[in-house]
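The block underneath contains the structure these notes are about, expressed in structure tokens.
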Amino acid sequence: MLKLGIDVPSCYPSERSDPPTEAVMTLDRIWASYNRQEPVLEDVSLTVRELDFIGIIGPNGGGKTTLLKVMLGLLKPRRGTVEIMGFSPVQGRRYVGYVPQTFEFDRSFPVRVSEVVLMGRLGRRRLFRGYTKQDREIVNRTLEKVGMLEFRDRAIGELSGGQRQRIYIARALACEPRILLLDEPTASVDPRMQYGIYELLHELNEYMTIVIISHDLGAVSTHVKTVGCLNRKLFYHGDRQITPEMIEQTYQCPIDLISHGSIPHRVFRDHQ
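Residue numbers are given in numbering that gives the first Met the number 0: position 230 of the sequence shown equals residue 229, and the series is strictly consecutive.
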């Protein structure tokens, strides 16, 4: 029996309160694998709507990072289609900012925070052209947006894990995206910093669509607008409610959901 603790908000909606809006990304019956091996994604369909804040949860190895790679056009699906703003993933990813799960670097390497964020402008430059005054103004604006402007001249290796995560979000924002994809953005930061990052994402969601991958079911169920469960197959109904059926189908064993919020409940049956 797998037990999952969830912090349930006092006003936990069973359905979206906002009306359906324009689709900014669609995945239709996606099958994906690596080197023709066993499928990692099976018949996955998803419509991401403008200004949505979608959380995708699921076990390790369930295909969460693979899903983001398909969205970005970094992995071509064996079957199915992907569209971003009406374009193919390769053409449409200019509208997408991406924060990967890990960012490997030598912490002793003397790269400044502002230089890391400037990397987000690479896709906006013409070939063999240097950074412009506008590029640097955008860097300052994005650093201010994530609350890190005062650190612009610091070496990134001197920052804490949570501070670095804000810098990586700023780098993704520097490309001026319509959609922000994040892979486990709070996996390596302490709880206080996790809360700050989710507060930042709430602010960004006022004008930007967000899709976040996470193993933290409690945080996702508290902060996002809609939730999907992924383990090769995607269980997504376009609302915030995580049903017992979704969890059991995803984790493939009976589940106890134990609420720490104002709506205590316990679900489920024992193993047969």
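No residue lacks a Cβ here, since even glycine has one placed at the ideal position from N, Cα and C.
For residue i, which beta-bridge partners are listed by DSSP?
| i | result |
| --- | --- |
| residue 232 | 230 |
| residue 62 | BP columns for residue 62 are empty, so no partner. |
| residue 86 | 83 |
| residue 154 | 111 |
| residue 31 | 40 |
So for residue i, helix, strand or coil by DSSP?
| i | result |
| --- | --- |
| residue 211 | strand |
| residue 20 | coil |
| residue 69 | helix |
| residue 78 | strand |
| residue 203 | helix |
| residue 97 | strand |
| residue 225 | strand |
| residue 25 | strand |
| residue 134 | helix |
| residue 122 | helix |
| residue 185 | coil |
| residue 241 | coil |
| residue 217 | helix |
| residue 146 | coil |
| residue 140 | helix |
| residue 198 | helix |
Using a Cβ-Cβ cutoff of less than 8 Å, which residues in the same chain neighbour residue i once the five nearest sequence positions on both sides are dropped?
| i | result |
| --- | --- |
| residue 273 | Outside the displayed span of the chain (0 to 271) sits residue 273, for which this structure offers no information. |
| residue 120 | 130, 134, 137, 138, 173 and 174 |
| residue 248 | 228, 230, 232 and 234 |
| residue 22 | 46, 47, 48 and 49 |
| residue 158 | 112, 150 and 166 |
| residue 89 | 72 |
Would you give the residue range spanned by the beta strand (DSSP E) that residue i belongs to?
| i | result |
| --- | --- |
| residue 43 | 40-48 |
| residue 55 | 52-56 |
| residue 181 | 178-182 |
If you follow the alpha helix (DSSP H) that residue i is in, where does it begin and where does it stop?
| i | result |
| --- | --- |
| residue 117 | 112-117 |
| residue 160 | 160-172 |
Keeping to the same chain, check which residues put their C-beta closer than 6 Å to that of residue i; ignore five residues upstream and five downstream.
| i | result |
| --- | --- |
| residue 207 | 179 |
| residue 42 | 28 |
| residue 78 | 30 |
| residue 87 | none |
| residue 24 | 47 and 83 |
| residue 91 | 83 and 84 |
| residue 16 | With a pLDDT of only 46 at residue 16, under the threshold of 50, the placement of this residue in the model should not be trusted; the figure read from the coordinates follows. Cβ within range, chain order: n/a, list empty. |
Using a Cβ-based criterion (distance less than 7 Å to any ligand heavy atom), does residue i qualify as near the ligand NAD?
| i | result |
| --- | --- |
| residue 244 | Of ligands this structure carries none, so the ligand NAD is not represented either. |
Excluding the five sequence neighbours on either side, which residues of its own chain have a C-beta within less than 7 Å of the C-beta of residue i, listed in chain order?
| i | result |
| --- | --- |
| residue 187 | 160 |
Open item on the list: Can you confirm whether the stretch 194-204 touches the stretch 28-46 when touching is taken to mean that 3 or more C-beta pairs between the two stretches lie within less than 8 Å?
Closed with: Not touching, per the Cβ criterion.
Task: Three or more C-beta pairs below 8 Å linking the stretch 83-96 and the stretch 163-180 - done: Yes, the stretch 83-96 touches the stretch 163-180.
Task: Given 8 Å, three or more beta-carbon pairs between the stretch 150-165 and the stretch 112-123 - done: Inter-segment contact for the stretch 150-165 and the stretch 112-123 is present: three or more beta-carbon pairs are separated by less than 8 Å.
Task: Inter-stretch contact at 8 Å, needing at least 3 Cβ pairs: the stretch 202-215 / the stretch 51-62 - done: As far as the Cβ criterion goes, the stretch 202-215 touches the stretch 51-62, which means the pair count is three or higher.
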